[in-house]
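Enquirer: Structure in structure tokens, see below.
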Amino acid sequence: MNKKSILNVYHPKLTAGIWLAGMLVICILGIQALTKDWLETGFLALLPTSEQQPEIAKATLQHNQLLNRKVIWLTGAATSQQAISHAQKLKQQLEQSKLFSKVVLEFPQQQYIKQYRQLFPYRYQLLDAQTRALLASNPDELIKQNLEILNSPIGQMQAADLEHDPALIFSRYFNAQNPIKLNLEQGIVVLSDQHRFWALLLTDLQDERLQLDKLEILSSLVNSATEQVKTAGGELLVSGMPLFTAHGAQSAKQEISTVGIGSSLGIIVLLWATFRSVRPLLLSSLAIGSGLLAALVICVLFFGKIHILTLVFGASLIGVADDYAQHFLCDSFGEKDWNPRKGLKFILPGLSLGLLSNLLSYAGLGFSPFPGLQEVALFSSMGLLVAWLTVVLLFPLLLTGFRFDHQPGILKLTTYWEQHWPLWVSKNRRWLGLMLTVFIAGGLWMLTPQDDVRLLQSPPAELLRTADKIRQLFPMTPDNQFFLVSGKDQADWHQNEQTLLKRLDAVKQQKALTAYEGLSSYWPDANRQQQNYRLLKHKLYDSGLLKRYMTDLGFDRTAAQAEYKQFAAAEHNTLTLPEWLAAADETKQQLWLGCEEGRCQSTVALTGISDAGALTALQDLPGVVWVDQVESVSSLFARYRIRASGLLLVAFCLASLGLGLKFGWRNSVTIMSVPVVSLAVSLAMLGWFGQLFSLFNLFALLLVLGIGVDYGLFFFMAGDRRASTSLGVTLSALTTLLAFGLLAISSTEIVHAFGFTVTAGIVTALLRAPLIGLKTISAKEH
Amino acid sequence: MILIKALLLYLLAFGQSVADEAVLTEIAARLAKTPITQGDFHQQKHLKVLHKPLISTGTFTYDQSKGVIWKTLTPVVSLLLVNESKLLTGQGEQAVPAAFGKVFKAMLGGDLKMLTDGFSVTGTDQKTSWQLELTPKDEMLKLIISTMVLSGDIELRDLEIREAGGNVTRISFDNITHPAQLTDEQKIDFERLSP
Chain Z
1 MNKKSILNVY HPKLTAGIWL AGMLVICILG IQALTKDWLE TGFLALLPTS
51 EQQPEIAKAT LQHNQLLNRK VIWLTGAATS QQAISHAQKL KQQLEQSKLF
101 SKVVLEFPQQ QYIKQYRQLF PYRYQLLDAQ TRALLASNPD ELIKQNLEIL
151 NSPIGQMQAA DLEHDPALIF SRYFNAQNPI KLNLEQGIVV LSDQHRFWAL
201 LLTDLQDERL QLDKLEILSS LVNSATEQVK TAGGELLVSG MPLFTAHGAQ
251 SAKQEISTVG IGSSLGIIVL LWATFRSVRP LLLSSLAIGS GLLAALVICV
301 LFFGKIHILT LVFGASLIGV ADDYAQHFLC DSFGEKDWNP RKGLKFILPG
351 LSLGLLSNLL SYAGLGFSPF PGLQEVALFS SMGLLVAWLT VVLLFPLLLT
401 GFRFDHQPGI LKLTTYWEQH WPLWVSKNRR WLGLMLTVFI AGGLWMLTPQ
451 DDVRLLQSPP AELLRTADKI RQLFPMTPDN QFFLVSGKDQ ADWHQNEQTL
501 LKRLDAVKQQ KALTAYEGLS SYWPDANRQQ QNYRLLKHKL YDSGLLKRYM
551 TDLGFDRTAA QAEYKQFAAA EHNTLTLPEW LAAADETKQQ LWLGCEEGRC
601 QSTVALTGIS DAGALTALQD LPGVVWVDQV ESVSSLFARY RIRASGLLLV
651 AFCLASLGLG LKFGWRNSVT IMSVPVVSLA VSLAMLGWFG QLFSLFNLFA
701 LLLVLGIGVD YGLFFFMAGD RRASTSLGVT LSALTTLLAF GLLAISSTEI
751 VHAFGFTVTA GIVTALLRAP LIGLKTISAK EH
Chain S
1 MILIKALLLY LLAFGQSVAD EAVLTEIAAR LAKTPITQGD FHQQKHLKVL
51 HKPLISTGTF TYDQSKGVIW KTLTPVVSLL LVNESKLLTG QGEQAVPAAF
101 GKVFKAMLGG DLKMLTDGFS VTGTDQKTSW QLELTPKDEM LKLIISTMVL
151 SGDIELRDLE IREAGGNVTR ISFDNITHPA QLTDEQKIDF ERLSP
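Here the protein sequences line up with chains Z and S, keeping their order. Numbering follows our numbering, with no gaps: position 81 of the first sequence is 81. Numbering follows our numbering, with no gaps: position 159 of the second sequence is 159.
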């Protein structure tokens, strides 16, 4: 029935017209879609967000926001003066680049003064934890410390504050806001290690979206600046999330061109060697080209943006999309008086089933929650569909009058191969079978899954070293992990965060982390502000301690009276959180998530975590959630690896069922044996070579399943055209191998794993598939 | 005092200063030169808001390679340790405060480049004594310090810091000696500065 309907619809000109119209539509849509900003490069875009609770997702987003744009620069030299002069030159250069919304070299003194003025009226309500403890237990010690500071040769700033802050209470609070002490020279932060002085420059990228061209400008800026500082005798260290992204994008771009050019060249050589004619080359290119174009356009239209890693996988599609064209072309060797009509009639069922099984495996990818994989799924299935349509709709017209009068060498080779390889295998099946079983069993035994999300990114060691070095010098960049603290109102939240901070202090004493930052340590809530005031009143003012201290120090009597008066007048002052936040810097503002629907939330940032275990133990505290993005995505990977295994099984059953219904159960088993052996060998290879085994390999196995079914089908349906089928399968396997083999050289761990898995699977499928139909051959030989 | 001597030599060598070269050479020639200097200090801080000066006394030790120990004995005992990059006080490790703290370290710790880059220097030299006046060039430093006056003979004897806000600090140094070795106590103190 199938054949009949095909004969009826065989109108090459009409179908070619439909194809042309379709491609025109895609081109028009493409012009619209691709003139916008359509390329995504950020690493986080690959990770799923839908699985997280919305409040955690929101907190994560806010936590990452600053981090994602921040680039840290350190210029090093033998003296601090030189380091500063390098930094000043660098600053100019960075400002000229127009890449950054903020280039900070000089410490923002004005902001500091402004903050001092804004908070000063509330000085009797604001106490840092240390001062509070000291006042409560031993106020005399506080006075002693004041004398120490004032008499010290470095007490200039405090001495200047003395006039309006006689007990230096506010000076203590204000200094405690910046827990990590930084040395300033000419208003510039200067850090030092044993060998060098380093001047610090902080920049924020203008655009959070990190477009590829901007990232390239950033990379070249880093390179040229490094060279310049070096020629001037200094050293430059640069780090920051955008740099990692830039590196990822750059290597992805390189891999796209390696895979793209590599597979294209391979295909050209193979096709030329086989057909020795320009027409097959052009036709194949047309099929691949329209497939890729349509895939890109549809993907961008559907997702809005497409990630650069998708394009890396997309480039490997060249090798797969070419299969359909090659099958059609190779079929022309199958018969003496071949014409496109006969050819299409013969190959269409195989091609269609092949397409179907491929689409099925890609659809599997689409069911994962990972945006990146969904893109790969849509990109690949659209690419294949359009390549298939091109072959089926357009090729009949363009192949009119196409025929060969030569016997390509490769045909002789594949014919010899398909005849002798099965016989050899059949003769040696006992020990071959045994070896295969041992090989597979051993490999599977050694297979250990790894679900670390960091494998998505494989930054070069150099970049990591620099980042480490900068973290040592300037330990102020918060880690990825943080605590989310909630409460039903501000007071409840404040109490919960205070409880957490107290515990964190203990953890810090144990050196499990170097620093933590929570709003509640700077902003006391209304209750605590009243407590602070009462504490001061009780211990310092009413006790007469302050009066004695001021008299001993040499203040005029009127000064003491004025101070007591001011204190009394300030009794009912309250500093609200919004007011406090308005005076705070960006990093602190970012900790606050706001109050809505009877819930107030903040994040507590952590720096220099060395023992995460000590921190996770704190999540049992009321209102405290431990957020570890890396860990949670990694565990998501693990869950989806198991789910994807199920998916693979379902796809396998569906394919078996479909084949069983069409060709009978026995034949279904025969055909399915190709993908089964391929999958097993592929997995075993991963085990033997200690390769990464994660979620992504399972998606690669889905492809192996699809391709394995293809090859099995082609041989099963070959009948008396085994020679041309063998040629077609070999050619398509070679081109696919080229594409995925090139993926295997990728520096990105998962791309490499993907390529390796598919390569191993296809080689096995190529070896296994010709064994189908072995009986008929043996029968002929005898 | 060795650091002043070195400072003067540095000024001469690089000719960045406006001071009369001959004067600086003469002053430099007079100063005693040893790697270790120690003595007593007497510090008076005249703060505008206080009607009497804050007076403190104690001892100091300067070691060319290790830094400075500033030990206040009255009115409260406290210890300040400082070297190239670190400052320890009774309150723990501190940032070297902007402006003045940096200058103090530079003077006692011999960070000559900092001083010569940051100040215009003028000097007078008489038969038995000399005087140098340092004026900051840096705008930010000017906000805090207007001038610093160093005076002495074969040693640095007096240091006066006039702050822009009107506060004045006078430090005089006495009983200056140049031992060949640090005492054990001094060694232990310096030990705390090493990372």
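Heads up, the beta-carbon is just placed ideally off N, CA and C, and yes, glycines get one too.
Quick check: the region 548-563 of chain Z against the region 525-539 of chain Z, are at least 3 beta-carbon pairs closer than 8 angstroms?
Expert: The region 525-539 of chain Z vs the region 548-563 of chain Z: no contact.
Enquirer: Return the first residue and the last residue of the alpha helix (DSSP H) that T131 of chain Z is part of.
Expert: First-last of the alpha helix (DSSP H) with T131 of chain Z: A129 to S137.
Enquirer: For P153 of chain Z, would you say it is in contact with chain S, using Cβ-to-Cβ distances shorter than 8 angstroms as the test?
Expert: Chain S, which has a Cβ nearer than 8 angstroms to the Cβ of P153 of chain Z, makes this yes.
Enquirer: Work out the CA separation of D161 of chain Z and I176 of chain S for me, nearest whole Å.
Expert: Their Cα atoms are separated by approximately 34 angstroms.
Enquirer: Hey, is K45 of chain S's beta-carbon within less than 8 angstroms of any beta-carbon in chain Z?
Expert: For K45 of chain S, the answer is yes, since a Cβ of chain Z falls inside 8 angstroms of its Cβ.
Enquirer: Just to confirm the assignment, what range does the beta strand (DSSP E) spanning V189 of chain Z have?
Expert: Element bounds for V189 of chain Z: I188 to S192.
Enquirer: So the candidates are S:L150, S:W130, S:T122 and S:L79; which of them puts its Cα closest to the Cα of I188 of chain S?
Expert: If we check each option's Cα against that of I188 of chain S, S:L79 comes out closest.
Enquirer: Compare the C-beta of W130 of chain S with all C-beta atoms of chain Z and state if any pair is closer than 8 angstroms.
Expert: Cβ-Cβ to chain Z under 8 angstroms: no for W130 of chain S.
Enquirer: Would you say K305 of chain Z lies against chain S (beta-carbon separation less than 8 angstroms)?
Expert: Chain S, which has no Cβ nearer than 8 angstroms to the Cβ of K305 of chain Z, makes this no.
Enquirer: When DSSP labels each residue in this structure, what does K142 of chain S get in the three-state scheme?
Expert: Correct three-state label for K142 of chain S: helix.
Enquirer: Helix, strand or coil for I84 of chain Z, going by three-state DSSP, please let me know.
Expert: The answer is helix: DSSP assigns I84 of chain Z an H, G or I state.
Enquirer: Classify G836 of chain Z as helix, strand or coil using the three-state DSSP reduction.
Expert: Given a span of 1 to 782 for chain Z in the structure shown, any question on residue 836 of chain Z remains unanswerable.
Enquirer: Can you tell me whether H307 of chain Z is helix, strand or coil according to DSSP?
Expert: The answer is strand: DSSP assigns H307 of chain Z an E or B state.
Enquirer: Whole angstroms is fine: what's the gap from I470 of chain Z's alpha carbon to T75 of chain Z's?
Expert: Their backbone Cα atoms lie some 11 angstroms apart in a straight line.
Enquirer: Output the distance between the C-alpha atoms of A569 of chain Z and G594 of chain Z, rounded to the nearest integer angstrom.
Expert: So the alpha carbons of these two residues sit roughly 31 angstroms apart.
Enquirer: Which residue comes first and which comes last in the beta strand (DSSP E) that contains L606 of chain Z?
Expert: R599 to T607 is the span of the beta strand (DSSP E), which, as asked, contains L606 of chain Z.
Enquirer: List the residues of chain Z that K71 of chain S touches, going by C-beta distances under 8 angstroms, in chain order.
Expert: The premise fails here: K71 of chain S is roughly 11 angstroms from chain Z at the closest Cβ pair, so nothing lies under 8 angstroms.
Enquirer: Is L365 of chain Z near F693 of chain Z, with beta carbons less than 8 angstroms apart?
Expert: For L365 of chain Z and F693 of chain Z, no; Cβs fall outside 8 angstroms.
Enquirer: Counting only C-beta atoms, is N175 of chain S closer than 8 angstroms to chain Z at any point?
Expert: For N175 of chain S, the answer is no, since every Cβ of chain Z falls outside 8 angstroms of its Cβ.
Enquirer: Could you tell me which of S:T59, S:H46, S:T74 and S:E93 sits nearest to R192 of chain S, measuring between CA atoms?
Expert: Among S:T59, S:H46, S:T74 and S:E93, the Cα nearest to that of R192 of chain S is on S:E93.
Enquirer: Quick check on N358 of chain Z: does DSSP put it in helix, strand or coil?
Expert: Helix at N358 of chain Z.
Enquirer: Name, going along the chain, the residues of the region 136-168 of chain S whose beta-carbon falls closer than 7 angstroms to a beta-carbon of chain Z.
Expert: For the region 136-168 of chain S, which is checked against every Cβ of chain Z, the residues closer than 7 angstroms are D138, M140, I144, E163, G165 and N167.
Enquirer: Starting from L159 of chain S, follow the beta strand (DSSP E) in both directions and report where the run begins and ends.
Expert: L156 to E163 is the span of the beta strand (DSSP E), which, as asked, contains L159 of chain S.
Enquirer: For F482 of chain Z, tell me which candidate among Z:G761, Z:L142 and Z:Y516 has the shortest Cα-Cα distance.
Expert: Comparing Cα-Cα distances from F482 of chain Z to each of Z:G761, Z:L142 and Z:Y516, the minimum goes to Z:Y516.
Enquirer: At a CB distance below 7 angstroms, what residues from the region 100-124 of chain Z approach chain S? Give them in sequence order.
Expert: Answer in chain order: no residues at all.
Enquirer: Whole angstroms is fine: what's the gap from V676 of chain Z's alpha carbon to L705 of chain Z's?
Expert: Near 8 angstroms, if we compare the C-alpha coordinates of L705 of chain Z and V676 of chain Z.
Enquirer: Are A246 of chain Z and S224 of chain Z closer than 8 angstroms when you measure CB to CB?
Expert: Contact: no.
Enquirer: Measure from the C-beta of K66 of chain S to each C-beta in chain Z and report whether the shortest distance is under 8 angstroms.
Expert: Output row for K66 of chain S: interface = no.
Enquirer: Restricting to runs no shorter than 4 residues, where is the alpha helix (DSSP H) found entirely within the region 272-359 of chain Z?
Expert: If we require 4 residues or more, the alpha helix (DSSP H) runs fully inside the region 272-359 of chain Z come out as 278-303 and 308-331.
Enquirer: When the Cα atoms are used, what is the spatial distance from L90 of chain Z to A78 of chain Z?
Expert: Going by the C-alpha atoms only, they are around 17 angstroms apart.
Enquirer: With a threshold of 16 other CB atoms inside 10 Å of the CB of C299 of chain Z, please say whether the residue is buried or exposed.
Expert: That one is buried.
Enquirer: Which residues in the same chain have their Cβ closer than 8 angstroms to the Cβ of L292 of chain Z, if we skip the five residues on either side of it in sequence?
Expert: Hits under 8 angstroms: G314, L317, I318, A321 and G383.
Enquirer: Could you tell me which uninterrupted alpha helix (DSSP H) segments, each at least 4 residues in length, are contained entirely in the region 638-708 of chain Z, listed from first to last along the chain?
Expert: Those alpha helix (DSSP H) runs which fall completely within the region 638-708 of chain Z and span 4+ residues are 665-688.
Enquirer: What residues in the region 134-150 of chain Z bring their beta carbon closer than 8 angstroms to a beta carbon of chain S?
Expert: Going along the region 134-150 of chain Z in chain order, one finds K144, Q145, L147, E148, I149 and L150 with a Cβ nearer than 8 angstroms to chain S.
Enquirer: Excluding sequence positions up to five away, which residues of its chain have a Cβ less than 7 angstroms from the Cβ of I347 of chain Z?
Expert: Only H327, F328 and D331 meet the Cβ criterion.
Enquirer: By the three-class DSSP mapping on this structure, what secondary structure does D452 of chain Z have?
Expert: Correct three-state label for D452 of chain Z: coil.
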